[in-house]
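Step one of this worksheet: look at the structure below.
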Amino acid sequence: MKPPKQSQPPQGNQEPDFEQELEEVERSLLSLKERYVQVQRDRFSKAELQQRLNRLNQNKYQTPEIKAELRQIKQQLEVLELNLESQLFSWGSLKKPFWQAVRFGGMGVIIGWILKSCAG
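Below you can see the structure in the form of structure tokens.
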């Protein structure tokens, strides 16, 4: 006797989904690698600018050129700080906690109304 055939889910429908998910993971990994390289480069630049800033601040005679360079270095440091922090907090990373807070906060308000109506 032949064993009964078992019904298996069609493989053709699952492969495109898997391929799309795999491509999305590869894109995310590439994006993460690029961000890592950018962060490393910005940290190095920041350290160099900090050293240059410290050397210029130690100079006793501050000419207008030195003061202008100090302002420029401070502006570059601000831009680097912004670049280092910009990708850390994006809407995508805050989306889930935001909606959880909205959901549970709303549930708390509803439960409060129910308790208030039951109590008096």
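Numbering follows numbering that gives the first Met the number 0, with no gaps: position 20 of the sequence shown is 19. By construction, the Cβ of each residue, glycine as well, lies at the ideal position given by its N, Cα and C atoms. Only a predicted model underlies this, so the values are computations on that prediction, with no experimental measurement involved.
- The three-state reading of DSSP puts lysine 59 in coil, since its state is none of H, G, I, E or B.
- For glycine 104, the secondary structure class from DSSP, reduced to helix, strand or coil, is helix.
- Aspartate 41 and glutamine 50 have their C-alpha atoms roughly 14 Å apart.
- Taken through DSSP and simplified to helix, strand or coil, glycine 111 comes out as helix.
- It is roughly 8 Å from the alpha-carbon of serine 44 to the alpha-carbon of leucine 79.
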